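One point on numbering: in our numbering, the residue at position 76 of the sequence shown is 87, and numbering is uninterrupted. All remarks here apply to the structure that follows.
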Amino acid sequence: MNRYADAIKAIENDRDILFPPLYRQFLSEEIKDNECYEILAVNGCYVCFYNAHDLVERNETYQIHIAAPHYFMIGQDGNVGYFVRVEKHKESDEIVSVDLGALGSIAMDSEASDIYAFRG
Numbered sequence: 012m013n014r015y016a017d018a019i020k021a022i023e024n025d026r027d028i029l030f031p032p033l034y035r036q037f038l039s040e041e042i043k044d045n046e047c048y049e050i051l052a053v054n055g056c057y058v059c060f061y062n063a064h065d066l067v068e069r070n071e072t073y074q075i076h077i078a079a080p081h082y083f084m085i086g087q088d089g090n091v092g093y094f095v096r097v098e099k100h101k102e103s104d105e106i107v108s109v110d111l112g113a114l115g116s117i118a119m120d121s122e123a124s125d126i127y128a129f130r131g
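Structural data, given as structure tokens:
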């Protein structure tokens, strides 16, 4: 395992979650230590994705575990958060989004089947 995979596994163990496989691969092989890994998404927006070291802090700041306990915020474009489902045995590579001000009160929007399909 590389150090990125170790950091990802530590988050999973600490949070009792499971990242979906394609997102885990993208995080360890492409994002790595980049502070803000920005991609042009299929929706025409530039989205900043967090590295493994920043994921927990960003999710704690927005209290994702309270408002959307089965999801983990993996990136952001202004006030729009991007998420993957991390509930064990129900994890999903589907990228979903929601306005962070409405998190927990409205349904999330499906953006792409996975992180690779999300790139424009």
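Glycine included, every Cβ here is placed at the ideal spot set by N, Cα and C. Computed from a predicted structure; not experimentally measured.
Is it buried or exposed, residue i, if we count other Cβ atoms within 10 angstroms and call 16 or more buried?
| i | result |
| --- | --- |
| Val97 | buried |
| Cys25 | One point to set straight first is that residue 25 is Asp, not Cys, in the sequence displayed. Per the 10 Å Cβ criterion, exposed. |
Within the present structure, is the beta-carbon of residue i separated from the nearest heavy atom of the ligand FAD by less than 6 Å?
| i | result |
| --- | --- |
| Gly115 | Absence of the ligand FAD from the depicted structure is noted, as is the absence of any ligand whatsoever, leaving it without description. |
When you compare only the Cα positions, how much space is there between residue i and residue j?
| i | j | result |
| --- | --- | --- |
| Val109 | Ala79 | 11 Å |
| Val67 | Gly131 | 26 Å |
Who are the near neighbours of residue i in its chain, counting only those whose CB is closer than 8 Å to its CB and skipping five residues on each side?
| i | result |
| --- | --- |
| Asp27 | Lys99 |
| Asp104 | Pro31, Pro32, Leu33, Tyr34, Val95, Ser124, Asp125 and Ile126 |
Per DSSP, which one or two residues make a beta bridge with residue i?
| i | result |
| --- | --- |
| Gly86 | Phe60 and Tyr93 |
Assuming contact is defined by CB atoms lying nearer than 7 Å, are residue i and residue j in contact in what I supplied?
| i | j | result |
| --- | --- | --- |
| Tyr134 | Glu49 | Here the chain comprises residues numbered 12 to 131, so residue 134 is not present and cannot be evaluated. |
| Leu38 | Glu102 | no |
| Tyr15 | Ala52 | no |
Once you ignore the five residues that flank residue i on each side, which residues in its own chain have a CB closer than 7 Å to its CB?
| i | result |
| --- | --- |
| Glu23 | Leu29 and Phe30 |
| Ala18 | Ala63 and His64 |
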